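The listed protein sequences derive, respectively, from chains A and B. Mapped onto my numbering, the consecutive letters of the first sequence carry residue numbers 5 to 491. Mapped onto my numbering, the consecutive letters of the second sequence carry residue numbers 2 to 140. A quick write-up on the structure given underneath.
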Amino acid sequence: MHAALVAVIAPLFGAFFCVFSGWAGGKREHWIALTALALSATAALDALLRVLKGGPQTYLLGNWPAPFGIAYTLDPLACALVFLIAAGALLNLWGARREIAHRYPEKDHTFYALYLLAAAGHMGMVVTGDVFNFYVLIEITALSCYALISMGSERSELASLNYLLLGAAGASLYLLGVGFLYIKTGTLNLPDMAAILPAMATAPAVGAALALILLGVAVKMGLFPFHGWLPGAYGEAPAVAAGLVAPMTTKVMAYVLVRFQVSLFPPEFLRAAPALPQIMVWLSVAAILLGAVMALYQKNLRRMLCFIVLAEVGYMAGGLFLGNRDALTGTVLHIYADLAMTLCVFMAAANIERRRGSLAFEKLRGLFGTMPWTMAGLTAGALSMIGVPPFCGFFSKWYLIKGGMAAGHWPFVAALVLSSLVNVLLFFRVFEIAFFEKDERPGLVAGDVSAARLVPLAAVALSLPLLGLATGQIVERVVVPLLAPLT
Amino acid sequence: MDFAPLLGKANFWAYFFIMLTGLYGMAVKRNLVKKIIGLGIFQTAIMLFYVSIGSKEGATIPILTAADAAGRGGIDAAAYINPLPHVLMLTAIVVSVATLGVALALTLRLWRRYGTLEEDEILARLRGDPGGEACTPRS
């Protein structure tokens, strides 16, 4: 299974090549980055097909035996997410060559290097089965994201610094939790730890460790009330970088929570602290409601999307802690679905920003006339976020609502439905401006963006109904094996 | 919950106090550099915690030697302090230095754009002047 390693290593080395190429005065960074990401996506697809056929595997880095060396845990859940991240990063970067060369004439190689580092970090977080290695990858990802975000608008430096202060504190809390777990278990390997922990599930140190880890990941994920950094950081980031970090980071963190919830948290621990899942579900309800309400107040498309992302974080965290099979299935499906649809709307928004210079609502007038293809992509993403079948957003939300009903947690169900209705309102307000109002300003660039930007957007938009139609397959081949030990 | 074992561990209480000092700096101070210093203190507390969990009473540094005739030396895990947390913290120190570097670079850019490092003043300018162009940039 070297494929899994190649998937992570290719962008990592690509980042260094980009820097070297920049030093040598080359102009090939874009192609280096695309090659690295394409290699990574191919390798991830290969790994995915292998685990689908042969079942979950463990890859030992450098062939060091498991509790001592770092092991990658490869199952369909992880490999599919790695593939989506690699493919998403590739498609998002595909048509951005001119934009990056234009915005950062002397620094484009740094942009590409940071972009690749962030992509590699996200993929590494997904596959690693070592809790300390995970911390290092969190920080690799986060540091490259801070730098990427600060390359955006005039306000981006302050937003990035706020993100850094909160993010570094969150990662440190995670590290502290890992320290507690290490004291108790003497191992850093996730499966090893999971085997040892049930024997000491009710020890106060284990409870404190899991609470600290949960807190750290929640900060990184932007879950209410630790969401303060998210709208600023993703709203002010450069359009291309926002298309990478906004879909990926929150979803990878949600994936990590799923992983810890399924394999690390002993059921005895959750039984000993019944208040914890309850608190998490209520925080998720608050996140969904806050995201929906704040999105209504925004007067900028990207800011609006950021608050929708915030609500989606609530969907995933809530489903995770409702504590039944349907809700967990919904969370896993929503990780994939939300990654694809957030990517879709952010890519469409980047195209609009490229043409119109800004995403303020008054700049969106007449877009359906001038940029029909981009708007078709945005519409697909919007329909999925609202939850219209057969788009993937519908199916994940369906499972989440079913899980909420099964758990009898009506506020969560109500928040989900309300947030879907608010999404209808939000997107149709955008469409109304873009469809009915005409823009008569002189000197406006007519026509849609180039095919290099439209083809990737079309691919992402098409993946939304395809992912939706594949729901049965995903549940059967990814979710069922994952939840099998939890019966 | 039984907290009695914690009371005897003065080192943990010291790290806890240092950590809270750092958190206080990050949460309460309005100056960006002071916030970054707070973050540094916070991270250092966690590093100290890790370093201390590796140590043992009466143990020595973990350098393997050949066993002598009496069987002393060689691989005798009980005689060595645990090197793993120390190695982990080497990585964590590198991470924290990199974080500090990025934070200072961002602070420098903010200083050049706004001429101040007080968060309140920067926010006031952002509110009054969304574009930020009218601020006096310093170079």
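Just so you know, even glycine gets a beta-carbon here, dropped at the ideal spot from N, CA and C. In this text the structure is predicted, and so the values were computed from the model without any measurement.
9 Å Cβ cutoff met for residue i and residue j
| i | j | result |
| --- | --- | --- |
| Ile123 of chain B | Leu468 of chain A | no |
| Met351 of chain A | Leu85 of chain A | no |
| Ala243 of chain A | Arg306 of chain A | yes |
| Leu461 of chain A | Phe399 of chain A | no |
| Ser388 of chain A | Met345 of chain A | yes |
| Ile153 of chain A | Val256 of chain A | no |
| Val210 of chain A | Leu185 of chain A | yes |
| Ile89 of chain A | Val55 of chain A | no |
| Thr100 of chain B | Ala172 of chain A | yes |
| Ile142 of chain A | Lys224 of chain A | yes |
| Ala11 of chain B | Leu49 of chain B | no |
| Glu110 of chain A | Ser160 of chain A | no |
| Gly58 of chain A | Pro485 of chain A | no |
Candidates the options, of which the one nearest residue i by Cα
| i | options | result |
| --- | --- | --- |
| Pro71 of chain A | A:Leu192, A:Leu216, A:Met345 and A:Leu227 | A:Leu192 |
| Leu280 of chain A | A:Ala243, A:Leu216, A:Leu343 and A:Arg306 | A:Leu216 |
| Leu169 of chain A | B:Ile64, B:Asp121, B:Leu85 and B:Ala28 | B:Ala28 |
| Leu218 of chain A | A:Asp196, A:Leu180, A:Ile104 and A:Thr206 | A:Leu180 |
| Ile405 of chain A | A:Thr333, A:Leu268 and A:Thr374 | A:Thr333 |
| Ala321 of chain A | A:Ala290, A:Val313, A:Leu120 and A:Val285 | A:Val285 |
| Gly92 of chain A | A:Gln282, A:Ser267 and A:Cys348 | A:Cys348 |
| Gly133 of chain A | A:Leu121, A:Gln61, A:Lys111 and A:Ala203 | A:Gln61 |
| Gly318 of chain A | A:Val23, A:Leu309, A:Ala419 and A:Val426 | A:Ala419 |
| Asn166 of chain A | A:Tyr108, A:Ala212, A:Pro235 and A:Gly412 | A:Pro235 |
| Ala515 of chain A | A:Ile200, A:Thr145, A:Glu158 and A:Met204 | Missing from the structure shown is residue 515 of chain A; chain A here goes from 5 to 491 and no further. |
| Leu1 of chain B | A:Val434, A:Leu309, A:Ala411 and A:Gly183 | This structure gives no information on residue 1 of chain B, because the portion of chain B shown stretches from 2 to 140. |
| Phe138 of chain A | A:Phe115, A:Val482, A:Gly220 and A:Ala411 | A:Gly220 |
| Tyr116 of chain A | A:Ser164, A:Phe24, A:Glu436 and A:Ala277 | A:Phe24 |
| Val262 of chain A | A:Phe228, A:Lys303 and A:Asn328 | A:Asn328 |
| Ala69 of chain A | A:Leu227, A:Asp196, A:Gly226 and A:Val426 | The sequence given here has Pro at residue 69 of chain A, not Ala. With distances taken between Cα atoms, Pro69 of chain A lies closest to A:Asp196. |
| Val434 of chain A | A:Leu473, A:Ala410, A:Glu366 and A:Phe395 | A:Glu366 |
| Leu177 of chain A | B:Thr117, B:Val88 and B:Thr45 | B:Thr45 |
| Leu300 of chain A | A:Phe395, A:Ala245, A:Leu425 and A:Gly190 | A:Leu425 |
| Ala199 of chain A | A:Phe269, A:Thr114, A:Val297 and A:Cys396 | A:Phe269 |
Chain-ordered neighbours of residue i on chain B, where CB pairs are closer than 9 Å
| i | result |
| --- | --- |
| Gly183 of chain A | Ile47, Phe50, Tyr51, Ile54, Pro86 and Leu89 |
| Leu168 of chain A | Ile37, Leu40, Thr100, Val103, Ala104 and Leu107 |
| Phe566 of chain A | Missing from the structure shown is residue 566 of chain A; chain A here goes from 5 to 491 and no further. |
| Val510 of chain A | Past the boundaries of the shown model lies residue 510 of chain A; chain A is included only from 5 to 491, so the question cannot be answered. |
| Tyr150 of chain A | Thr100, Val103, Ala104 and Leu107 |
| Phe138 of chain A | Within chain B, no residue comes near Phe138 of chain A; the closest Cβ sits about 12 Å away, beyond 9 Å. |
Chain-ordered neighbours of residue i on chain A, where CB pairs are closer than 7 Å
| i | result |
| --- | --- |
| Phe43 of chain B | Ala173 and Ser176 |
| Ile123 of chain B | Leu162 |
Spatial distance of residue i from residue j (CA atoms)
| i | j | result |
| --- | --- | --- |
| Ser148 of chain A | Tyr25 of chain B | 27 Å |
| Leu487 of chain A | Ala106 of chain B | 45 Å |
| Gly133 of chain B | Ala51 of chain A | Reliability fails at Gly133 of chain B, whose pLDDT of 43 lies under 50, so the model's placement of it is uncertain and no value is given. |
| Ala100 of chain A | Tyr340 of chain A | 24 Å |
| Ile54 of chain B | Ala386 of chain A | 51 Å |
| Ala135 of chain B | Trp112 of chain B | Confidence at Ala135 of chain B is low in this model, with a pLDDT of 44, below 50, so the placement of that residue is unreliable and no value is reported for it. |
| Pro208 of chain A | Tyr76 of chain A | 29 Å |
| His34 of chain A | Gly295 of chain A | 35 Å |
| Ala48 of chain A | Met252 of chain A | 16 Å |
| Pro138 of chain B | Gly129 of chain B | Residue placement at Pro138 of chain B is flagged as unreliable, the pLDDT there being 47, under the threshold of 50; the coordinate-derived value follows with that caveat. Each residue's alpha carbon lies about 16 Å from the other. |
| Leu65 of chain B | Ile42 of chain B | 34 Å |
| Leu470 of chain A | Leu343 of chain A | 14 Å |
| Val266 of chain A | Gln282 of chain A | 17 Å |
| Ser423 of chain A | Leu118 of chain A | 34 Å |
| Gly66 of chain A | Leu9 of chain A | 11 Å |
| Leu201 of chain A | Ser454 of chain A | 55 Å |
| Leu64 of chain A | Ile74 of chain A | 6 Å |
| Val103 of chain B | Glu441 of chain A | 44 Å |
| Gly59 of chain B | Thr108 of chain B | 46 Å |
| Pro15 of chain A | Leu43 of chain A | 8 Å |
| Leu4 of chain A | Leu458 of chain A | There is simply no residue 4 of chain A to check, as chain A begins at 5 and stops at 491 in what is shown. |
| Tyr150 of chain A | Ala79 of chain B | 43 Å |
Contacts of residue i in chain B (Cβ-Cβ under 8 Å)
| i | result |
| --- | --- |
| Val483 of chain A | Under the 8 Å cutoff, chain B gives no residues; its nearest Cβ is about 34 Å from Val483 of chain A. |
| Glu143 of chain A | Val96, Ala99 and Thr100 |
| Ile187 of chain A | Ile54 |
| Leu120 of chain A | Simply none; closest approach about 17 Å. |
Contact test: residue i Cβ vs the ligand HEM heavy atom, cutoff 8 Å
| i | result |
| --- | --- |
| Lys367 of chain A | Here there are no bound small molecules, and the ligand HEM is not part of this structure. |
Proximal residues of chain B, C-beta to C-beta of residue i below 7 Å
| i | result |
| --- | --- |
| Leu179 of chain A | Ile47 and Ala93 |
| Leu147 of chain A | Ala99, Thr100 and Val103 |
Chain A residues whose Cβ lies nearer than 8 Å to that of residue i
| i | result |
| --- | --- |
| Arg110 of chain B | Ser154 and Glu161 |
Neighbouring residues, chain C, relative to residue i (Cβ below 8 Å)
| i | result |
| --- | --- |
| Arg114 of chain B | Absent from the structure is chain C; the protein chains it does hold are A and B. |
Entirely within the segment 117-195 of chain A and at least 4 residues each: give me those alpha helix (DSSP H) ranges in chain order.
Correct list: 135-153 and 160-189.
Go through the segment 17-87 of chain A residue by residue and report every complete run of the alpha helix (DSSP H) that reaches 4 residues or more, in order.
Within the segment 17-87 of chain A, the complete alpha helix (DSSP H) runs of at least 4 residues are 33-58.
Query - Contained alpha helix (DSSP H) runs [length at least 4] in the segment 354-404 of chain A, N- to C-terminal order - result: Listed in chain order, the complete alpha helix (DSSP H) runs (minimum 4 residues) inside the segment 354-404 of chain A are 371-374 and 376-390.
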